[in-house]
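J.:
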Amino acid sequence: MKFIIAIIKPFKLDEVREALGSIGVAGMTVSEVKGFGRQKGQTEIYRGAEYSTNMLPKVKLEIAASDEIAAQVVETIEQTANTEAIGDGKIFVLELASATRIRTGESGETAL
Amino acid sequence: MKFIIAIIKPFKLDEVREALGSIGVAGMTVSEVKGFGRQKGQTEIYRGAEYSTNMLPKVKLEIAASDEIAAQVVETIEQTANTEAIGDGKIFVLELASATRIRTGESGETAL
Amino acid sequence: MKFIIAIIKPFKLDEVREALGSIGVAGMTVSEVKGFGRQKGQTEIYRGAEYSTNMLPKVKLEIAASDEIAAQVVETIEQTANTEAIGDGKIFVLELASATRIRTGESGETAL
Amino acid sequence: MTRSVLKFAVLGLGAASIAQPAMAAVPAAEVVAPGTAYILNTLLFLIGGFLVMWMAAGFAMLEAGLVRAKNTSTQCLKNIGLYSIAGLMFWVCGYNIAYPGFAEDSLGLIGGFTGIYSMQDVGTADTETGYSVASDWFFQMVFCATTASIVSGTVAERVKIVPFFIFVTALTGLIYPVVVSWEWGGGYLDSVHGFSDFAGSTLVHSTGGWAALVGAIIIGSRAGRYGPDGKVNVFPGTNIPLATLGTFILWLGWFGFNGASQLAMGTVGDVSDVSKIFVNTNMAAAGGVVTAIILTQLLYKKADVTMALNGALAGLVSITAEPLAPSVGESIVVGAIGGAIVVFTVPLLDKLKIDDVVGAIPVHLFAGIWGTLVVAFTAAPDAGVTFMGQLVGVLLTAVWVSAASAVVWLALKYTIGVRPSEEDEVNGLDKAEIGVEAYPEFART
Amino acid sequence: MTRSVLKFAVLGLGAASIAQPAMAAVPAAEVVAPGTAYILNTLLFLIGGFLVMWMAAGFAMLEAGLVRAKNTSTQCLKNIGLYSIAGLMFWVCGYNIAYPGFAEDSLGLIGGFTGIYSMQDVGTADTETGYSVASDWFFQMVFCATTASIVSGTVAERVKIVPFFIFVTALTGLIYPVVVSWEWGGGYLDSVHGFSDFAGSTLVHSTGGWAALVGAIIIGSRAGRYGPDGKVNVFPGTNIPLATLGTFILWLGWFGFNGASQLAMGTVGDVSDVSKIFVNTNMAAAGGVVTAIILTQLLYKKADVTMALNGALAGLVSITAEPLAPSVGESIVVGAIGGAIVVFTVPLLDKLKIDDVVGAIPVHLFAGIWGTLVVAFTAAPDAGVTFMGQLVGVLLTAVWVSAASAVVWLALKYTIGVRPSEEDEVNGLDKAEIGVEAYPEFART
Amino acid sequence: MTRSVLKFAVLGLGAASIAQPAMAAVPAAEVVAPGTAYILNTLLFLIGGFLVMWMAAGFAMLEAGLVRAKNTSTQCLKNIGLYSIAGLMFWVCGYNIAYPGFAEDSLGLIGGFTGIYSMQDVGTADTETGYSVASDWFFQMVFCATTASIVSGTVAERVKIVPFFIFVTALTGLIYPVVVSWEWGGGYLDSVHGFSDFAGSTLVHSTGGWAALVGAIIIGSRAGRYGPDGKVNVFPGTNIPLATLGTFILWLGWFGFNGASQLAMGTVGDVSDVSKIFVNTNMAAAGGVVTAIILTQLLYKKADVTMALNGALAGLVSITAEPLAPSVGESIVVGAIGGAIVVFTVPLLDKLKIDDVVGAIPVHLFAGIWGTLVVAFTAAPDAGVTFMGQLVGVLLTAVWVSAASAVVWLALKYTIGVRPSEEDEVNGLDKAEIGVEAYPEFART
Ligand SMILES: Nc1ncnc2c1ncn2[C@@H]1O[C@H](COP(=O)(O)OP(=O)(O)O)[C@@H](O)[C@H]1O
Ligand SMILES: Nc1ncnc2c1ncn2[C@@H]1O[C@H](COP(=O)(O)OP(=O)(O)O)[C@@H](O)[C@H]1O
Ligand SMILES: Nc1ncnc2c1ncn2[C@@H]1O[C@H](COP(=O)(O)OP(=O)(O)O)[C@@H](O)[C@H]1O
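Protein chains in written order, with this note's numbering: chain H, 28 to 139; chain X, 28 to 139; chain U, 28 to 139; chain A, 7 to 451; chain R, 7 to 451; chain P, 7 to 451.
1. One question on the structure: do F261 of chain P and F56 of chain R come within less than 8 angstroms of each other, judged by their Cβ atoms?
2. Is the beta carbon of L115 of chain R closer than 8 angstroms to that of W188 of chain R?
3. Judging by CA-CA distance, which residue of A:A62, A:K166, A:A92 and A:M95 is the nearest neighbour of I422 of chain A?
4. Indicate, with yes or no, if ligand 3 has a heavy atom lying under 7 angstroms from the CB of Q66 of chain U.
5. Below 7 angstroms CB to CB, which residues in the same chain sit around L319 of chain P once its five sequence neighbours on both sides are set aside?
6. Contact criterion: CB-CB distance below 8 angstroms. Does P426 of chain P meet it with respect to chain A?
7. Who are the neighbours of M125 of chain R on chain P, taking C-beta pairs under 7 angstroms?
8. Any beta-carbon of chain X closer than 8 angstroms to the one on V295 of chain R?
9. Assuming A217 of chain A contacts I172 of chain A under a Cβ cut-off of 8 angstroms, what Cβ separation, rounded to an integer in Å, is found between them?
10. Any beta-carbon of chain U closer than 8 angstroms to the one on G226 of chain P?
11. Across the region 56–71 of chain P and the region 40–54 of chain R, are there enough close Cβ pairs to call them in contact, namely three or more that are closer than 8 angstroms?
12. According to DSSP, is L435 of chain P helix, strand or coil?
13. Are three or more beta carbon pairs between the region 432–443 of chain P and the region 68–85 of chain P nearer than 8 angstroms?
14. Consult DSSP for G100 of chain R and reduce its assignment to one of helix, strand or coil.
15. Sort out for me which residues DSSP pairs R128 of chain X with in a bridge.
16. Please classify K419 of chain P: does DSSP put it in a helix, a strand, or coil?
17. What does DSSP give as the partner residue(s) for M55 of chain H in the beta ladder?
18. Rounded to whole angstroms, what is the Cα-Cα separation between I113 of chain U and R65 of chain U?
19. Against V98 of chain R, what residues of chain H qualify as contacts under a CB-to-CB distance less than 9 angstroms, listed in chain order?
20. Tell me, please, whether the CB atom of F119 of chain U is closer than 8 angstroms to any CB atom in chain H?
21. Mapping DSSP to helix, strand and coil, what is T208 of chain P?
22. Mind checking A66 of chain A: buried by the 16 CB within 10 Å criterion, or exposed?
23. Give the range of the alpha helix (DSSP H) segment to which F261 of chain P is assigned.
24. At a CB-CB cut-off below 9 angstroms, which residues of chain X make contact with V432 of chain A?
25. Grab me the residues of T153 of chain P's own chain with a C-beta within less than 6 angstroms of its C-beta, minus the 5 sequence neighbours each way, in chain order.
26. By the three-class DSSP mapping on this structure, what secondary structure does L113 of chain P have?
27. Confirm the yes/no value for this check: CB of F63 of chain U, any heavy atom of ligand 5, distance under 7 angstroms.
28. Would you decide whether P247 of chain R is buried or exposed? Buried here means 16 or more other CB atoms lie within 10 Å of its CB.
29. Would you say the region 289–298 of chain R touches the region 340–350 of chain R, given that touching needs at least three Cβ pairs under 8 angstroms?
30. Using a Cβ-Cβ cut-off of 7 angstroms (strictly less than) and excluding sequence neighbours within five positions of A412 of chain R, which residues of its own chain qualify?
31. In three-state terms, what does DSSP make of T384 of chain R?
32. Kindly confirm or deny that the region 141–153 of chain R and the region 90–110 of chain R touch, where touching means at least three C-beta pairs closer than 8 angstroms.
33. Can we count N102 of chain U as close to ligand 3, meaning its CB is less than 7 angstroms from some heavy atom?
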């Protein structure tokens, strides 16, 4: 199994979620994060003093997926979240050693 | 070492934390997340327009644990967070390559 | 590649980010979390009732890094975030199986 | 003291202000023409009225700031809804129950249920009363709403919207008006016991407080609030600035609440008294704040901001039964003791597992009782106020309001139910009953 | 009805209050000396004025609570900016356009453009008018600002700051004053049609509403708001307590808006009427709230708090065209229907893909039309108000405001542009135009 | 100008209004009976008083919105505490120091320390003064509180609660009252220099500003605020809507602050002047807002909302020294220059590493000096106001307030300490001193 972490632009969230739903991803966990990367925030002026807001709002998705569909998940995110503009985000894939569904105690792929 | 990620229902947080404390887990990191899964949010009506709140508030725990107690951690969470209702959450276990305590520079299991 | 998760004290964020920038880390993802560990919060009194705020505000950094610089990243964080006081935080390193840049579809180390 | 009773007005203060210019004794520097006095009396009701109306916003903000975020939208809805219902019910029957015009030989316990209150015609003035009856009605109505606001804070986070609104309907249409009829309506407490409650420490605040207390007991505490071995689980407020704003709003509104309860400013004496009431009201609140800060600092080594806010309100409630007669120094002491009452009784309620989300019972009930009883000592010596008379007022209110509230809460509990399901409570009432989070996450999206 | 027109005042109400004491018919209990009446009339304008000024804060909070967090700072700036611009423009030319002193034989359509309004000298009173002209000017000015506030809510989240402020300049300097001149300025609607709009359901609220509606159509909806197959994407408000606070502020301010539109309290009759207006205004709002709660509960099984807030405002707008003549019961019904209008027309606008962020079009335009038309039935029978007269007023306002607003919005659209780039809109106007987030994350750092 | 001094009243305005009806010259249309004038004068103090009291909430919200979230609860506590302490101290000794009734031949520098101020008895009016002394006291007291509010904003986020409250005690019990005695108390500045400060640009705002400036220097900047090589680290405000609300509250309160500083509305001339003050006050604020928006837009290509808010306040402070005499146009210019001062001096203070969290020094001190000096040009020509006289007032206030504040701040610094430990400051004062977060995370739990 794989644990997929994707950082995307916030306004793409709904679209990505729907696209993932349509390829059979049943669950995911979402959080608001700030991203720091090549996409630079503007230098803002607040009360006459400059500051750089190089932390940009992003959304993080965490998706546990079986090995079979993991590649498809990555591809779907890549396609849906892509705006061809800098700052579109990244997808990281880690190995997932085990998964358990709390309600039933099931583990492994059926727990996803 | 293992890196355990658990998604649970928010109101279970205190209970789980106490249970983990009692089996010797000394630390963890907690964040507020939104979950998307089999547990569907209701369809809400806001100002006459329908929208589905299928993102439900969850709490994410991240716990680095030694290999010995990892299984016990998973089991404890599973038992304490269980309400036998849909949406109770998941526990994901990843391999943890290394851990360092910033204050002392210690690494490995003593750093946990 | 490595996926590095660091929990640090919030007021160290700027310093750590600058230090990482200077060793060539081009991106990272940041979130606000609560930490639970050896550093105990005080017991507070709210409206006459005691409660322990053992959840302390921390900042979590997630950094995907190539194997070469991973060690240096860990070391840099360790040195910069260190205040020699309890609660300075931890650095966890996981194996990163793959990384993709959404904008270009590049993957592997060039995607970081 | 009867209060602004249309039917008695010819004999009462209205008469006084009309008659005045005719009184040979009035020095030239104090003469006010009756038409002018009429306008000024009315204006006092209008200004006082809009200031007390504004207190509805104060309660809304205070409560929105102290409940958990998952119940905040519900609390907002309850507050704007209860203010609306109070106005409607006070018109449907409340005012006429409160001011029934008791017969001379009546005991003054059971007033009239004569239905809807009708204002006078457009363009007509009510020169007999010495003020516009509509302005008086407006001023009385906002007091009725205040009583309901008190309840909503205590029983927050665990009462469904519909039963809550039904309770408010009963409270503002019947329970509160009956209490008012006994005193401001010239009934039993006023005529038999010489009970004195200038602006409502008992009539408004204790009435709200008893209804809240009985509600809290019957409904029970919030899920998870009290642990097995006496442990109190703390649910901290979610927005301290809003709670602070709410307190400042209430403080501001209280100048109308107490000041305009002078019921007249058509004479130089009346407006001077209103001024003194402003000062005493302010200073009692200040006394409450400072006391709460000092006490929490001493007891807990930290200054509890929510206690300071409650302290202000307790000071205000304490002085409400008699904001005119005391000296400034006495007012400060009365308010300071109110503040102390809050600091000591908030944890006490928790010991008794009575779950009062915003501290309304200490603030409005306990400080209200204190404020009412102390009138026996602060009132003008010739006012005929006795400790026993005050006590009777406190007790009669306690019995009636508790009993009536218990009947309504229990009826609701065993019919449509008062509480949400445990799951709904855990997920928050906003999700279960409103469908809109107060502060949605991903709001930046 | 002409309204507080300096030039007509000698023949108008000012005269009435001055003349009064001389009138043999005034009973002793109603006599008010002219100097006193002058002060009291002026005081009504001042109190009414500061209450309506406070409504600017109400709009700011309501809108700040209902937009998405990424546009909240912008919305705050727009609101404090528009209030400031309205004041400046009303002085530069607005007041003199609104109150041109139409010649006797003029049709009363096109008033004067005589430039800056000058107050009278220090220490001088305006005893001819029966009130201080500066107080009147202040009161009229805050109405002008209210009109602009209405627009900002509808077109929020997608209009750049500079074009928005330019539109406000045109609205407050020209579009609104012209409407006022026709009615309160004694022009066409007043003199030819006997149109009646006591405090501005049409003049203020519909004017703001039409400007908002035309703006919403020309500017288009927020990016992503309407999906391909009729899907409405919901962008929930981000701070319900703030929206609630804003509504309570508006409700409070409305006592000044309607009450002080009596324009005088220097007689016992006038102050009694102000009192009745307070009651009716309050009860119409209460009717709107309760109706919105009941309807959403029935329709959607949940009580929508934002609809309850809109319901209060719709009730207030509905009663504004005639808050004095109706009985309390009628006022409740008028307000309740206003509340129902909101519940039904908010989703309707969405069907038409007209994107009104805070519901200002249903509240101010639809309820404003309703409130204006119903005056034909609630006004005093001898007032000479006809349904046709009311309709003409509604339509003439519709035509002028829509046309003039369209010209301004279109001119802006095709010159400097109205909307931010799509990227700026997605990232939020706060980032693009202000540089300060309303609620920065990591604020705890 | 002496101001509402009981002891001088017989010769002052009170006398004027009493005497008036007797004056043969008063035209019939302006006659106001003395009793009526008494009530109206008193009413002005009461309305003005509650509006200025409300400014305490404005400061609380403005500051709560601009500090970092980790210090927000503390800021709320400080604000409600300082308002309370100011009231108590003004009663304990402040009022009697401020209005000592200087002997004829005294230089008017050192007033009386005669202790507690006693109101008159219940039911008694003060017909000699022409208004209720309690109403005057109330109005004066809220000015004292305003002075303290100014300080709390500048020194926010790095002063412990106890030393802060001790400073407030000294400021409101001694430092501010002495300044007042020189001018409104009829002392040195008034009698020797003809200094003119209508509502307190210098007496209130600069006094608060100097105390804040000296405090900021002695206490030092917030940890990490200024980097090694001149770098300014920006700590953005955490709640822009609250800061906006606070500004609107202050704006509203300022109608009381300036308007009621006319000190009388018992004559047609006085109430007309109050009206003009309302207009000028409003327009100066509007000028400040628009200027700040335009300047930041030009300088930085973005409109800084916090500067617009500061601009409103700077406009208000600027006009406060003379809100009556200028024409509307002049008032706009005076306010606009106030707004410009803010835009240019906020970054200047940062260059000097003077850390002013909310911009209170530019707003209250710099704009206050500007407003005071410009009176030499805007005052009525026959008012006898000279630039030198104004300058002496500015300088004397500067010297006394700075010196006295320095003594108190230094005494605190070297005894109990003013600042929290560095760790406490980093973790936030809410954690260290209050124990309650303003906006706890996991509030949804
Ligand atoms: N090395 C990294 N580790 C973790 N997150 C990263 C890393 N690099 C980028 N990110 C995340 O991805 C987001 C987008 O990256 P950025 O370099 O701005 O643009 P792009 O995705 O187009 O390369 C960043 O805002 C950050 O959240
Ligand atoms: N594949 C997944 N990857 C990551 N998180 C998941 C995944 N599936 C579920 N979750 C998380 O677990 C929560 C509960 O899952 P859900 O399917 O609703 O119920 P259950 O836990 O009873 O199976 C979700 O809200 C989501 O946060
Ligand atoms: N086992 C763990 N798993 C995950 N996070 C941990 C773990 N232990 C500690 N942490 C995180 O590190 C932070 C600091 O740990 P703590 O034990 O308080 O001090 P120290 O870092 O000095 O050992 C905690 O607040 C928590 O966020």
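Where a beta carbon is used, it is the ideal one built from N, C-alpha and C, also for glycine.
T.: Straight from the coordinates:
1. For this step, residue 261 of chain P is matched to residue 255 along the sixth sequence. For this step, residue 56 of chain R is matched to residue 50 along the fifth sequence. Going by C-beta atoms, F261 of chain P is nearer than 8 angstroms to F56 of chain R.
2. In the fifth sequence, the residue the question calls residue 188 of chain R occupies position 182. In the fifth sequence, the residue the question calls residue 115 of chain R occupies position 109. Result yes, Cβ atoms of W188 of chain R and L115 of chain R sit closer than 8 angstroms.
3. Residue numbering aside, residue 422 of chain A sits at position 416 when the fourth sequence is read from its first letter. Of A:A62, A:K166, A:A92 and A:M95, the residue nearest in Cα terms is A:K166.
4. Numbered from 1 along the third sequence, position 39 holds the residue referred to as residue 66 of chain U. For ligand 3, at least one heavy atom lies less than 7 angstroms from the Cβ of Q66 of chain U.
5. Residue mapping note: residue 319 of chain P aligns to position 313 of the sixth sequence, counting from 1. Once the five neighbours on either side are set aside, the close Cβ partners of L319 of chain P are T253, L256 and V369.
6. Here residue 426 of chain P refers to the residue found at position 420 when the sixth sequence is read from its first residue. False, the Cβ-Cβ gap to chain A never drops below 8 angstroms.
7. Locating residue 125 of chain R in the fifth sequence gives position 119, where the first residue counts as 1. Near M125 of chain R (Cβ distances below 7 angstroms), the residues of chain P are K282, V285 and V334.
8. Position 289 of the fifth sequence, counted from the first residue, corresponds to residue 295 of chain R. For V295 of chain R, the answer is no, since every Cβ of chain X falls outside 8 angstroms of its Cβ.
9. Translated into the one-based positions of the fourth sequence, residue 217 of chain A becomes position 211. Translated into the one-based positions of the fourth sequence, residue 172 of chain A becomes position 166. So it is not a contact: roughly 13 angstroms between Cβ atoms.
10. On the sixth sequence, residue 226 of chain P is found 220 positions in, with the first residue counted as 1. No, no contact with chain U.
11. no
12. To locate residue 435 of chain P, count along the sixth sequence from 1; it is residue 429. Three-state DSSP puts L435 of chain P in a helix.
13. yes
14. Start at 1 with the first residue of the fifth sequence, and residue 100 of chain R comes out as number 94. Three-state DSSP puts G100 of chain R in a helix.
15. Working through the second sequence from its first residue, we reach residue 128 of chain X at position 101. Per DSSP, U:K117.
16. Taking the first residue of the sixth sequence as 1, we reach residue 419 of chain P at position 413. Of the three classes helix, strand and coil, the one that applies to K419 of chain P here is helix, per DSSP.
17. Numbered from 1 along the first sequence, position 28 holds the residue referred to as residue 55 of chain H. In DSSP, M55 of chain H forms a bridge with X:F63.
18. To locate residue 113 of chain U, count along the third sequence from 1; it is residue 86. To locate residue 65 of chain U, count along the third sequence from 1; it is residue 38. Straight-line Cα distance between these residues: approximately 7 angstroms.
19. Mapped onto the fifth sequence, residue 98 of chain R falls at position 92. Neighbours of V98 of chain R on chain H: none; closest Cβ ~30 angstroms, over 9 angstroms.
20. Working through the third sequence from its first residue, we reach residue 119 of chain U at position 92. No, F119 of chain U lies away from the interface with chain H (no Cβ there is under 8 angstroms from its Cβ).
21. Translated into the one-based positions of the sixth sequence, residue 208 of chain P becomes position 202. In this structure, T208 of chain P counts as helix in the three-state DSSP scheme.
22. For the purposes of this step, residue 66 of chain A is taken as the residue at position 60 of the fourth sequence. Buried.
23. What you label residue 261 of chain P is simply residue 255 of the sixth sequence in a count that begins at 1. Taken as a continuous stretch (DSSP letters only), the alpha helix (DSSP H) holding F261 of chain P covers I246 to G265.
24. Translated into the one-based positions of the fourth sequence, residue 432 of chain A becomes position 426. Here the neighbours are K36, P37 and F38.
25. By one-based count along the sixth sequence, residue 153 of chain P stands at place 147. Cβ neighbours of T153 of chain P beyond the five flanking positions: Y182, V210, T213 and G214.
26. Residue 113 of chain P sits at position 107 when you count from the first residue of the sixth sequence. L113 of chain P: coil per DSSP, three-state reduction.
27. Judged by which ligands are present, ligand 5 is missing from the structure shown, whose ligands are ligand 1, ligand 2 and ligand 3.
28. For the purposes of this step, residue 247 of chain R is identified with residue 241 of the fifth sequence, where counting begins at 1. Classification of P247 of chain R: buried, given that the 10 Å Cβ count is 16 or more.
29. yes
30. If you number the fifth sequence from 1, residue 412 of chain R lands on position 406. Once the five neighbours on either side are set aside, the close Cβ partners of A412 of chain R are V220 and I224.
31. Sequence index remark: in the fifth sequence, residue 384 of chain R carries index 378 (1-based). Looking at T384 of chain R - three-state DSSP - the assignment turns out to be helix.
32. yes
33. Position 75 of the third sequence holds residue 102 of chain U. Residue identity differs from the one stated: residue 102 of chain U is Glu in this sequence, not Asn. Not under cutoff, so the answer is no.
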